[in-house]
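Undergrad: Chains as they are written, first to last, in my numbering: chain A, 8 to 328; chain B, 2 to 719. One structure coming up, written as structure tokens, with questions to follow.
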């Protein structure tokens with residue numbers, strides 16, 4: 008397949024088209040996409056996938072700009088997948104993350120793709136995993152996945168990335184009480200941004216709140232330590248520590264096999280998800296082709312049969328097809 | 002007890018309802034500001050006003066009726082036309098012609114590279130040199146600009162905010178080398194950086210160091226330049242960007258408060274600098290509202306300055322320059338703009354402005370020609386000489402409607418001022434992006450009203466001219482201007498004392514680190530022939546360059562079109578497109594070069610998203626190469642280029658080239674919107690531009706055209 012070669016050669020337009028393909032909702036594209044991905048999986052790269060999540064306004068994109076600048080200066084190749092929420096009403100979206108990634112977006116060693124979430128659960132859009140496989144095959148050293156909101160931490164951390172980091176702002180320690188458990192479980196790194204100017208002391212305080220919060224977490228011997236880091240995206244301070252921490256966690260997890268186990272689990276989950284989607288799609292098709300739902304619900308409304316009888320009958324009917 | 006008044010009112014109400022067949026309670030209209038406008042006002046409407054004092058006279062506190070007792074009866078307002086283009090030589094010619102024809106003060110427009118602190122030879126500014134203003138690279142350019150214009154007699158206003166240090170320094174040194182001491186220089190420097198962060202985007206440094214520079218200039222001028230206005234606190238650009246009058250008024254005054262605090266923090270006494278603070282407002286087409294705005298502005302500023310503890314009467318008085326609204330001008334049926342500008346000018350006069358710029362009718366398309374500039378100037382000369390408006394001070398005082406509206410505006414603006422204060426002042430509010438977002442929301446609402454036809458714009462969405470007139474426009478050959486400027490820069494760099502330049506720039510850097518006054522140090526550097534770009538870059542070493550983060554409104558546009566057929570038609574097309582293509586139509590909306598006017602781009606982005614498009618927003622100040630990379634990585638179907646500063650002839654072909662360089666088979670279509678003279682259309686089409694949308698284009702129609710063009714392109718290749 009020509010596209011595969013182009014991707015491996017790192018051709019920008021080919022990578023972009025491939026991502027469009029894996030994001031497409033068209034049935035034909037889905038088939039093509041599966042073929043493409045299975046070929047690319049045979050040619051894995053060496054990327055580390057890092058997730059960045061956090062509430063709106065904490066400066067995620069600004070942090071990625073700042074950290075990214077630090078990395079490309081060190082000659083790393085950086086792929087970024089930024090997921091923006093789509094409007095629930097119109098389905099359209101404004102993809103504005105790149106307005107905050109000014110310097111790195113110019114750099115030839117970056118590839119930055121924004122994707123509308125299209126209302127998919129967890130804010131992870133359809134195709135994000137596949138897109139990261141494409142960027143991996145294309146030779147990017149790091150793949151950053153950025154999403155809005157904390158609610159999706161679990162999905163992202165367990166399904167998509169090797170390291171999951173949560174970006175928070177000064178003062179957010181107060182909110183910790185309620186969400187302590189989930190966060191301490193899923194995040195590998197806590198990045199307290201805006202450690203600058205007037206906010207410095209507040210940022211330090213927030214960092215110690217997080218430190219004490221993760222100390223509650225029962226530490227097992229075979230996982231890398233969770234870290235809390237102070238950075239300023241605007242002043243570009245603390246970046247060295249971030250990359251150091253990422254590399255430490257990766258090497259520690261690789262040593263104790265955690266790294267591979269995590270990826271293996273993600274594969275299992277992925278297979279399960281795909282199977283579920285295919286079955287769901289088939290059922291949907293059957294439901295569409297089968298007129299019994301509307302017929303039977305009319306009968307329910309007319310009081311001819313009980314609702315649960317109808318459901319039973321429809322299910323039987325679909326299973327037998 | 003019934004009074005005669007209430008009997009009369011009841012009678013009037015009956016007649017009104019009989020004539021209109023509308024219940025009086027339903028007969029009011031609502032302005033953009035959310036102010037209710039009633040069909041009739043009575044004495045009751047001016048009793049118990051909160052801010053306005055009905056017994057006050059002109060020149061008396063709270064100065065609602067004017068800063069001076071005699072106003073235009075003694076001396077009419079200053080006709081001050083804003084102009085500048087191409088090289089200093091050409092602008093100087095233009096100024097001298099205008100002064101001969103009755104203009105009284107000068108107002109200099111600089112080009113975008115100068116605003117952003119880049120020399121004309123910088124690669125980043127290729128398309129922008131000499132385009133929307135005059136290019137100034139060194140003090141030599143400034144000297145040419147004022148050649149044969151004695152600076153001890155001419156008051157000069159300079160619209161400069163970002164590169165305020167090197168440009169004001171050049172002005173001071175140019176004066177010195179004309180043998181005019183700086184204490185004799187009169188005029189105004191805009192020096193209003195806060196609104197740049199909100200709307201105009203010609204900042205260089207982050208908000209905090211930028212505020213320090215503002216304060217340095219206030220400090221220096223208050224001591225050394227007693228006749229010079231250290232700042233022109235500007236609401237103009239807010240209204241241009243779509244702010245309603247309450248937002249314009251409130252944010253401008255809140256900016257003013259922040260500058261006062263910045264100057265006070267330098268240890269200055271308020272009465273040492275406050276008399277030299279001046280203001281600048283836009284005058285749009287809402288006739289009475291604009292009059293009320295100027296009256297309200299003076300009323301509120303008096304209150305604000307009294308609260309700051311000012312004692313000198315001059316500190317308490319708001320003096321303002323006004324300019325008719327550029328955004329109210331239309332590309333369609335352009336001679337209508339002369340009429341619009343005339344009414345706006347009359348508003349400004351009835352509101353009591355101190356000086357006025359009237360726009361030329363062709364400014365929705367290009368920079369004014371000599372002829373259109375003459376008509377614009379004559380608009381004011383006719384008002385001054387033929388209409389009798391100068392014979393009576395504040396002639397609308399006592400009007401139930403005007404007084405009540407003045408008070409209402411004051412109240413609404415005061416609420417917003419208090420809101421900004423509660424956020425910790427405007428610098429903090431600007432950093433949080435609050436005012437920018439509010440202005441964009443207001444802009445989007447206005448656009449939706451025009452596109453839906455609920456607001457009539459003559460010649461645009463109603464009463465269209467079946468035979469659009471052809472208008473000749475001024476053409477700037479920016480490659481020639483750029484070559485001229487580069488040659489001048491090279492000559493100066495070859496002949497100057499490089500050691501002296503380096504030393505004075507090093508001292509400037511030290512001053513920035515030590516937090517001492519930067520204007521004095523940049524005057525030294527400029528005197529040694531350092532360039533505008535070198536001075537700006539020296540400070541950039543210490544402060545860094547600021548990049549704005551950009552938030553976007555959503556849903557505001559679409560809300561106006563619930564159930565609208567044309568709107569639904571486009572959303573339907575979008576859905577069909579998605580079914581067929583597996584994704585929504587995806588459009589990258591960008592600005593290129595140094596043009597930071599992003600109102601148009603933002604409105605297009607938010608309204609297209611409301612119609613169901615996926616819209617990528619690029620950062621400001623991108624090069625064509627950056628845009629191409631962005632477009633290809635995100636595999637967009639189309640790029641929409643918003644251009645208002647005439648850079649399109651250089652930048653658009655460059656973009657087409659860059660796209661093909663990255664992807665020779667690129668199918669991305671490119672459309673252009675903004676201020677584009679018709680003369681350039683063919684050139685753009687020859688460069689494979691798919692569509693051009695001029696000012697006043699209906700966004701729903703534009704969106705439909707874009708989706709059709711995208712679909713065509715896809716079909717052709719399948």
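We treat Cβ as the ideally placed atom computed from N, Cα and C, and that holds for glycine.
Kindly confirm or deny that the segment 153–166 of chain B and the segment 653–671 of chain B touch, where touching means at least three C-beta pairs closer than 8 angstroms.
TA: Flag = no, the segment 153–166 of chain B and the segment 653–671 of chain B do not touch.
Undergrad: Can you name the residues that DSSP bridges to residue 203 of chain A?
TA: Looking at the DSSP assignment, residue 203 of chain A forms no beta bridge with any residue, so it has no partner.
Undergrad: Using a C-beta cutoff of 8 angstroms, does residue 329 of chain A count as contacting chain B?
TA: Residue 329 of chain A falls outside the range modelled here, since chain A spans only 8 to 328, and no answer is possible.
Undergrad: On the DSSP bridge list, what partners appear for residue 159 of chain B?
TA: According to DSSP, residue 159 of chain B bridges with B:109, B:190.
Undergrad: Give a yes or no on whether the minimum CB-CB distance between residue 607 of chain B and chain A is below 8 angstroms.
TA: By this cut-off, residue 607 of chain B is an interface position.
Undergrad: Assuming residue 246 of chain A contacts residue 73 of chain A (C-beta within less than 8 angstroms), just tell me the rounded distance between them.
TA: Contact holds; Cβ gap of about 7 angstroms.
Undergrad: Beta-carbon within less than 7 angstroms of residue 2 of chain B's beta-carbon, same chain only, minus the 5 sequence neighbours each way: which residues are those?
TA: Caution is warranted here: a pLDDT of 47 is assigned to residue 2 of chain B, below 50, making its placement in the model unreliable, and the coordinate value is therefore given only provisionally. Answer for residue 2 of chain B: no residue qualifies.
Undergrad: Is residue 346 of chain B near residue 306 of chain B, with beta carbons less than 8 angstroms apart?
TA: No, the pair does not count as a contact, with Cβ atoms beyond the cut-off.
Undergrad: What residue ranges within the segment 48–100 of chain B form continuous beta strand (DSSP E) runs of no fewer than 3 residues, ordered along the chain?
TA: Runs of the beta strand (DSSP E) inside the segment 48–100 of chain B: 79–84.
Undergrad: For residue 181 of chain B, collect the residues of the same chain with a Cβ closer than 8 angstroms to its Cβ; drop the 5 residues on either side in sequence, then sort them by chain order.
TA: Contacts found: 151, 152, 153.
Undergrad: What does residue 144 of chain A touch in chain B if you count any residue whose Cβ is under 8 angstroms from its own?
TA: Ordered by position in chain B, no residue passes the 8 angstroms Cβ test against residue 144 of chain A, which lies about 16 angstroms from the chain.
Undergrad: Suppose only complete runs of 4+ residues qualify. What are the alpha helix (DSSP H) ranges in the segment 311–375 of chain B, listed by chain order?
TA: Runs found: 314–317, 337–352.
Undergrad: Is the beta carbon of residue 202 of chain B sitting closer than 8 angstroms to the one on residue 430 of chain B?
TA: No. Outside cutoff.
Undergrad: Looking at the C-beta of residue 634 of chain B, does it have a partner C-beta in chain A at a distance below 8 angstroms?
TA: It does; some Cβ of chain A falls within 8 angstroms.
Undergrad: Does residue 27 of chain A come within less than 8 angstroms of chain B when only Cβ atoms are used?
TA: Cβ-Cβ to chain B under 8 angstroms: yes for residue 27 of chain A.
Undergrad: Any idea what DSSP makes of residue 1 of chain B, helix, strand or coil?
TA: There is simply no residue 1 of chain B to check, as chain B begins at 2 and stops at 719 in what is shown.
Undergrad: Give the residues from the segment 593–617 of chain B that approach chain A closer than 8 angstroms (Cβ to any Cβ), ordered along the chain.
TA: Going along the segment 593–617 of chain B in chain order, one finds 606, 607, 609, 610, 611, 612, 613, 614, 615, 616, 617 with a Cβ nearer than 8 angstroms to chain A.
Undergrad: What does the alpha-carbon distance come out to for the pair residue 641 of chain B and residue 589 of chain B?
TA: Straight-line Cα distance between these residues: approximately 6 angstroms.
Undergrad: Secondary structure at residue 17 of chain A, three-state DSSP: helix, strand or coil?
TA: In this structure, residue 17 of chain A counts as coil in the three-state DSSP scheme.
Undergrad: So what does DSSP say about residue 699 of chain B, is it helix, strand or coil?
TA: In this structure, residue 699 of chain B counts as coil in the three-state DSSP scheme.
Undergrad: Grouping DSSP H, G and I as helix and E and B as strand, with all else coil, what is residue 89 of chain A?
TA: DSSP places residue 89 of chain A in strand when its eight states are reduced to three.
Undergrad: What span of residues does the alpha helix (DSSP H) with residue 290 of chain B cover, start to end?
TA: 288–308 is the extent of the alpha helix (DSSP H) around residue 290 of chain B.
Undergrad: Name the DSSP bridge partner or partners of residue 623 of chain B?
TA: Partner(s): B:593.
Undergrad: Going by C-alpha distance, which of B:581, B:38, B:705 is nearest residue 715 of chain B?
TA: Closest option to residue 715 of chain B, Cα to Cα, is B:581.
Undergrad: Is any beta-carbon of chain A found at less than 8 angstroms from that of residue 620 of chain B?
TA: Chain A contact via Cβ: present.
Undergrad: Closest to residue 202 of chain A by CA distance: which of A:177, A:193, A:219 is it?
TA: Of the candidates A:177, A:193, A:219, the one whose C-alpha sits nearest the C-alpha of residue 202 of chain A is A:177.
Undergrad: For a contact meaning CB atoms closer than 8 angstroms, what does residue 62 of chain A contact in chain B?
TA: The premise fails here: residue 62 of chain A is roughly 15 angstroms from chain B at the closest Cβ pair, so nothing lies under 8 angstroms.
Undergrad: Sorted by chain position, which residues of the same chain lie with C-beta nearer than 6 angstroms to residue 264 of chain B's C-beta, five sequence neighbours on each side aside?
TA: Answer for residue 264 of chain B: 216, 219, 274, listed in chain order.
Undergrad: DSSP beta-bridge partners for residue 175 of chain A?
TA: Residue 175 of chain A pairs with A:199.
Undergrad: In angstroms with no decimal places, state the Cα-to-Cα distance between residue 178 of chain B and residue 278 of chain B.
TA: In a straight line, the C-alpha of residue 178 of chain B is about 27 angstroms away from that of residue 278 of chain B.
Undergrad: So that I know if they touch, is there some Cβ in chain A lying closer than 8 angstroms to that of residue 204 of chain B?
TA: Not closer than 8 angstroms to any Cβ of chain A, the Cβ of residue 204 of chain B fails to qualify, so no.
Undergrad: If the cut is a Cβ gap below 7 angstroms, which residues of chain A does residue 548 of chain B touch?
TA: The answer, in chain order, is 109.
Undergrad: Should residue 322 of chain A be labelled buried (16 or more other beta-carbon atoms within 10 Å of its own) or exposed?
TA: Result: exposed.
Undergrad: Residue 647 of chain B to residue 87 of chain B, Cα distance in whole Å?
TA: Distance between the alpha carbons of residue 647 of chain B and residue 87 of chain B is about 12 angstroms.
Undergrad: On the DSSP bridge list, what partners appear for residue 283 of chain B?
TA: Answer is B:324, bridged to residue 283 of chain B.
Undergrad: Give me the chain A residues within the contact set of residue 553 of chain B, using Cβ-Cβ distance strictly less than 7 angstroms, ordered along the chain.
TA: The answer, in chain order, is 101, 103.
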